[in-house]
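See below for the structure under consideration.
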Amino acid sequence: MINKAQRISNWRGENHVNFCAVCGCHPGQDNLIQDKNPSSGANRGRLCTDCITLLRLSKESPRILANMIVYLEDFDIRLEID
Ligand SMILES: [Zn+2]
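Counting from 1, position 45 in the sequence shown corresponds to residue 86 in my numbering; the numbering is continuous, with no gaps.
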């Protein structure tokens, strides 16, 4: 099982740098955005435009994002990321 330190390393793309840390798409190196913690300014992962937008629109709220997952699952929307 992967631990938190390994997950953070993966989110930051320390083992890979060419795809979005959240959805795994390959938008090209120039289209990945370095996400930062809005409070501390610390680097987080490199994300595609869609994932950055989703994060900002959700107000970075785990509660909103978790509710979104339940919402999708309750309406039988498959959660596949290509
Ligand atoms: Zn993405």
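Think of the CB as a built atom: it goes at the ideal place given N, C-alpha and C, for glycine as much as any other residue. On a predicted model such as this, the values are computed, not experimentally measured, just so you know.
- Of all alpha-carbon atoms in Phe116, Asp117, Trp52 and Ser99, the one lying nearest the alpha-carbon of Ala83 is that of Trp52.
- Unbroken alpha helix (DSSP H) stretches of 4 residues or longer found wholly inside the stretch 60-104: 90-98, given in chain order.
- Leaving aside the five residues that flank Asn78 on each side, the residues in its chain whose CB is nearer than 7 Å to its CB run, in chain order, Arg85.
- Counting along the chain, no alpha helix (DSSP H) covers Asn44, and no H or E run does either.
- Ser99 and Leu88 have their C-alpha atoms roughly 15 Å apart.
- Secondary structure at Ile110: helix, using DSSP grouped into helix, strand and coil.
- Around the beta carbon of Ala46, fewer than 16 other beta carbons lie within 10 angstroms, which makes this residue exposed.
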